[in-house]
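Participant: Here it is, the structure, as C-alpha cells.
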Amino acid sequence: MPVRNRFAELHPEITAWRRDIHQNPELLYDTHRTSALVAEKLREFGCDEVVTGIGRTGVVGAIKGKTDTQGRVIGLRADMDALPMQEQTGLDYASQTPGAMHACGHDGHTAMVLGAAKYLAETRNFDGTAVVIFQPAEEGGNGAEAMCRDGLMDRFGIQEVYAMHNVPGLPTGQFAIRSGPLLAAVDEFDIHLDGRGGHAAKPHETVDTTVMLSQLVVALQTIVARNTDPTLQAVLSVTSVETSSTAFNVIPQSARVRGTVRTHSNEMRDLVERRLTEVTQGVVAAMGGTARVTYTRCVPVTINAEAPTQHAEAAAIAVGGSCLEAPMVMGGEDFSFMLQERPGAFIVLGNGDSAGLHHPEYDFNDEIIPIGCSWFAEMVEIRMPAA
Ligand SMILES: [Zn+2]
Ligand SMILES: [Zn+2]
Numbered sequence: 110m111p112v113r114n115r116f117a118e119l120h121p122e123i124t125a126w127r128r129d130i131h132q133n134p135e136l137l138y139d140t141h142r143t144s145a146l147v148a149e150k151l152r153e154f155g156c157d158e159v160v161t162g163i164g165r166t167g168v169v170g171a172i173k174g175k176t177d178t179q180g181r182v183i184g185l186r187a188d189m190d191a192l193p194m195q196e197q198t199g200l201d202y203a204s205q206t207p208g209a210m211h212a213c214g215h216d217g218h219t220a221m222v223l224g225a226a227k228y229l230a231e232t233r234n235f236d237g238t239a240v241v242i243f244q245p246a247e248e249g250g251n252g253a254e255a256m257c258r259d260g261l262m263d264r265f266g267i268q269e270v271y272a273m274h275n276v277p278g279l280p281t282g283q284f285a286i287r288s289g290p291l292l293a294a295v296d297e298f299d300i301h302l303d304g305r306g307g308h309a310a311k312p313h314e315t316v317d318t319t320v321m322l323s324q325l326v327v328a329l330q331t332i333v334a335r336n337t338d339p340t341l342q343a344v345l346s347v348t349s350v351e352t353s354s355t356a357f358n359v360i361p362q363s364a365r366v367r368g369t370v371r372t373h374s375n376e377m378r379d380l381v382e383r384r385l386t387e388v389t390q391g392v393v394a395a396m397g398g399t400a401r402v403t404y405t406r407c408v409p410v411t412i413n414a415e416a417p418t419q420h421a422e423a424a425a426i427a428v429g430g431s432c433l434e435a436p437m438v439m440g441g442e443d444f445s446f447m448l449q450e451r452p453g454a455f456i457v458l459g460n461g462d463s464a465g466l467h468h469p470e471y472d473f474n475d476e477i478i479p480i481g482c483s484w485f486a487e488m489v490e491i492r493m494p495a496a
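The sequence shown begins at 110 in our numbering and counts up one residue at a time.
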C-alpha cells in the first residue's frame, strides 16, 4: 500500500502543526509549549489515554484498536526538542526564539507521529494498542533514558518500539535501514594534566604541561590507528585543548584535553576507553606529570534488532516502494536507550537536497510528511493485524 489517501488529505493540517512547532523551538527538557500542544492534540484525536510528565516533559498517548485479542502493544517514538543555534533560513515560519532552532527536524518527527496518531484514532484498524511516545531532550539530554527510567515500557506494556529520522542528501521520501548497529555510542573524555609551572626561560625547572598535552594529542590518535581492528569502526576526536597559562612567558602548571569517542560495539567501546586511560597515564608519566581521566558514556550504540528491522523494511517498501541498506554512521541517537529495553528499529527517511542536520539553513521537508505518517501507521497495522 503506497501513501494513504487520508494522509494526503491531512497533509496541509499536519504541515501547519510542523511549522507552528518550527516557529516555537524549545531546548532539552524545556519543551513545555510543544508538550502541551502534543497532549492537547492527542486528547482532541480521542486517544484512550494521554499521560504527560513522563521523563519530565515527555508525553505518551495510547490508542486501542478495534479489537485486543492478544494484548499486543507497539510503540512509536518522536523527539520534540530543538538546538541551541541561530536559524538562518529566512523562512516566513522561521524560529521566533533567538538562539534556538529546529535544525534536526524533530519538528517534522513530532508532526508525523501526531499525524499517525490522528489516523490511528480515526481508523483503529488493528488488534492491540498503539502507543505514541513524544520525548524531550534528544539533543544531549538523554530524554529517552529519562522516559525509560520513569517506567515508560512497563507502564504501557510496550513490546516493540520504532522511530524514524530524516536524512538530508538521501532522495526525498527514500527509506533506508540496516540490521545491527546503525548509529554510534557517544562518549566524552576530559583529561586534566598536572605538571610544574614556571618561567618560560627556565624549562629545566618545570614539568611542562604544554609539551605533555602536545604529545598526548598525537599519542591518542594511535589508539584508532594501531589498537583497533581496522575492519571495525571507531573515532577518537580531540576537540578542545587549554592550559592554565595565558602569558607568553609562563609555562603552565596544568592543562586540559577534551574530546569524544564514537564506537559501534561494546567491545570496541571498552577497548578505546581502556587504551585512552593507559596511553594518557603512560605519556604523562614519561614526562614527569600526572593525569586524571574522566570518561563518560553518554549514549549507547543504536542497534536495530533483526526481526523488527525486517518488519520496518517491509512497511517502508509497502509505503515507498523501496528501502535501501543504510550505511553505519558515527553520530548518536538516544533512542538507543529505548532499544536497550525493547526490541525495535530505527529507520531513516530522505529529506532530499536540503542543508545538513544541525546547519543554520536546514529545514525539514514537508513533502515527506504523508510518507512518514504512512510508515508509522503501517508499522502498527502490520505488527498488529486486525483480528
Ligand atoms: Zn540532532
Ligand atoms: Zn535528531
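Glycine included, each C-beta is placed from N, C-alpha and C at the ideal position.
#1: Could you check whether the Cβ of Cys-213 sits closer than 6 Å to any heavy atom belonging to ligand 1?
#2: Report yes if the C-beta distance between Phe-83 and Gly-208 is below 7 Å; otherwise report no.
#3: CA-CA distance, Pro-452 and Arg-287?
#4: Indicate whether Pro-469 and Gln-197 have their beta-carbon atoms separated by less than 7 Å.
#5: From the DSSP output, in three-state form, read off Gln-283 for me.
#6: Mind reading off the beta-carbon distance from Ala-294 to Val-408? Whole number of angstroms is fine, and I expect it under 8 Å.
#7: Give the list of continuous alpha helix (DSSP H) stretches no shorter than 4 residues that lie fully inside the stretch 279 to 361.
#8: Rounding to the nearest angstrom, what Cα-Cα distance links Arg-264 and Gly-289 in this structure?
#9: Please determine whether the Cβ atom of Pro-290 lies at a distance below 6 Å from any heavy atom of ligand 3.
#10: Mapping the DSSP letters down to three states, classify Gly-368 as helix, strand or coil.
#11: Determine, for Pro-134, whether the minimum Cβ-Cβ distance to residues of chain B falls below 7 Å.
#12: In terms of alpha-carbon separation, which member of Ala-309, Val-241, Gly-162 and Val-489 lies closest to Ala-356?
#13: In the stretch 403 to 479, which residue ranges form an unbroken beta strand (DSSP E) of at least 3 residues, counting only runs that do not cross its ends?
#14: Give the straight-line distance between the Cα atoms of Arg-165 and Val-159, rounded to the nearest whole angstrom.
#15: What do you reckon, are the CB atoms on Val-327 and Ala-343 nearer than 7 Å?
#16: If you draw a straight line from the alpha carbon of Pro-436 to that of His-274, how long is it in whole angstroms?
#17: According to DSSP, simplified to helix, strand and coil, what is Asp-236?
#18: Which residue wins for smallest C-alpha separation from Arg-115, given the options Asn-413, Ser-374, Ala-226 and Thr-315?
#19: Let me make sure I understand the geometry here. Which of Arg-406, Gln-195, Arg-181 and Gly-217 has the alpha-carbon closest to that of Val-370?
#20: How about Trp-126 and Ala-220: are their beta carbons less than 7 Å apart?
#21: Alpha carbons only, please: which of Leu-341, Asp-462, Arg-335 and Gly-282 is nearest the one belonging to Ala-427?
#22: Considering only their Cβ atoms, is the gap separating Gln-362 from Gly-306 smaller than 7 Å?
#23: Thinking just about the alpha-carbon of each residue, which of Leu-302, Glu-415, Val-347 and Glu-442 is nearest to the one in Val-393?
#24: For Met-396, which of helix, strand or coil comes out of DSSP?
#25: Using alpha carbons as the reference points, say which of Ser-431, Gly-250 and Ile-163 lies closest to Gly-459.
#26: Just list the residues that DSSP pairs Gly-167 with in beta bridges.
#27: Among the residues of its own chain, which have a CB less than 6 Å from the CB of Ala-495, if the five just before and after it don't count?
#28: Could you give the C-beta distance for Leu-192 and Glu-248, rounded to a whole number, given that I count them as a contact under 8 Å?
#29: Assuming the contact rule is C-beta atoms closer than 8 Å, Ile-491 and Ala-414 should be a hit. Round their C-beta distance to whole Å, please.
#30: Which residues mark the beginning and the end of the beta strand (DSSP E) in which Ala-272 is found?
#31: Do you know whose CA, among Asp-216, Phe-298, Ile-478 and Ala-421, lies nearest Val-402's CA?
#32: Buried or exposed: Asn-358, going by 16 or more other Cβ atoms within 10 Å of its Cβ?
#33: Where Gly-440 and Asn-375 are concerned, what is the direct C-alpha to C-alpha distance, given to the nearest angstrom?
Facilitator: Looking at the atomic coordinates:
#1: The count along the sequence shown starts at 1 and reaches residue 213 at position 104. Answer for Cys-213: yes, Cβ within range of ligand 1.
#2: Nothing can be reported for residue 83: it is not among the residues displayed for the chain, which extend from 110 to 496.
#3: The count along the sequence shown starts at 1 and reaches residue 452 at position 343. The count along the sequence shown starts at 1 and reaches residue 287 at position 178. Pro-452 and Arg-287: Cα-Cα distance of roughly 14 Å.
#4: The sequence position of residue 469 within the sequence shown is 360, counting from 1. The sequence position of residue 197 within the sequence shown is 88, counting from 1. Yes.
#5: Against the sequence shown, residue 283 aligns to sequence position 174. DSSP places Gln-283 in coil when its eight states are reduced to three.
#6: Working through the sequence shown from its first residue, we reach residue 294 at position 185. Working through the sequence shown from its first residue, we reach residue 408 at position 299. Yes, they are in contact, since the Cβ atoms of Ala-294 and Val-408 sit about 6 Å apart, within 8 Å.
#7: 318 to 331
#8: Numbered from 1 along the sequence shown, position 155 holds the residue referred to as residue 264. Numbered from 1 along the sequence shown, position 180 holds the residue referred to as residue 289. The alpha-carbon atoms of Arg-264 and Gly-289 are separated by roughly 27 Å.
#9: Looking at this structure, you won't find ligand 3 anywhere; what it does contain is ligand 1 and ligand 2.
#10: Looking up residue 368 in the sequence shown gives position 259. In the structure shown, Gly-368 sits in a strand (DSSP, three-state: E or B).
#11: In the displayed structure, chain B is absent; only one protein chain is listed.
#12: For the purposes of this step, residue 356 is taken as residue 247 along the sequence shown, with counting starting at 1. Of the listed residues, the one whose Cα sits closest to Ala-356 is Ala-309.
#13: 411 to 413, 432 to 434 and 453 to 461
#14: Taking the sequence shown and counting its residues from 1, the one referred to as residue 165 is at position 56. Taking the sequence shown and counting its residues from 1, the one referred to as residue 159 is at position 50. Using only the alpha carbons, I get a separation of about 15 Å.
#15: Reading the sequence shown from its first residue, position 218 is the one you call residue 327. Reading the sequence shown from its first residue, position 234 is the one you call residue 343. No, the Cβ-Cβ distance between Val-327 and Ala-343 is not below 7 Å.
#16: On the sequence shown, position 327 is the one that residue 436 refers to. On the sequence shown, position 165 is the one that residue 274 refers to. Approximately 14 Å, taken between the alpha carbons.
#17: Along the sequence shown, one-based indexing puts residue 236 at 127. It is a strand residue.
#18: By one-based count along the sequence shown, residue 115 stands at place 6. Here the closest residue by C-alpha is Ala-226.
#19: Position 261 of the sequence shown, counted from the start, is the residue given in the question as residue 370. It is Arg-406.
#20: As a working mapping, residue 126 is identified with position 17 in the sequence shown. As a working mapping, residue 220 is identified with position 111 in the sequence shown. Contact flag set, yes.
#21: Here residue 427 is taken as the residue at index 318 of the sequence shown, counted from 1. Cα-wise, what sits closest to Ala-427 is Gly-282.
#22: Against the sequence shown, residue 306 aligns to sequence position 197. Against the sequence shown, residue 362 aligns to sequence position 253. Against a cut-off of 7 Å, the Cβ pair of Gln-362 and Gly-306 comes out as a contact.
#23: For the purposes of this step, residue 393 is taken as the residue at position 284 of the sequence shown. Nearest option by C-alpha distance: Leu-302.
#24: In the sequence shown, the residue the question calls residue 396 occupies position 287. Three-state DSSP puts Met-396 in coil, outside helix and strand.
#25: Residue 459 sits at position 350 when you count from the first residue of the sequence shown. It is Ser-431 whose Cα lies nearest to the Cα of Gly-459.
#26: Stepping through the sequence shown from its first residue, residue 167 is reached at position 58. BP columns for Gly-167 point to Ile-163.
#27: As a first step, residue 495 must be located in the sequence shown, where it is residue number 386. The answer, listed in chain order, is Asn-234, Phe-235 and Asp-236.
#28: In the sequence shown, the residue the question calls residue 192 occupies position 83. In the sequence shown, the residue the question calls residue 248 occupies position 139. Contact flag correct, Cβ pair sits at about 6 Å.
#29: As a position in the sequence shown, residue 491 is number 382, starting the count at 1. As a position in the sequence shown, residue 414 is number 305, starting the count at 1. Between Ala-414 and Ile-491 the Cβ distance is about 16 Å, and since that is not below 8 Å, they are no contact.
#30: As a working mapping, residue 272 is identified with position 163 in the sequence shown. Unbroken beta strand (DSSP E) run through Ala-272: 269 to 277.
#31: For the purposes of this step, residue 402 is taken as residue 293 along the sequence shown, with counting starting at 1. It is Phe-298.
#32: Against the sequence shown, residue 358 aligns to sequence position 249. Exposed, since its Cβ has fewer than 16 Cβ neighbours within 10 Å.
#33: Counted from its first residue, the sequence shown places residue 440 at position 331. Counted from its first residue, the sequence shown places residue 375 at position 266. Straight-line Cα distance between these residues: approximately 16 Å.
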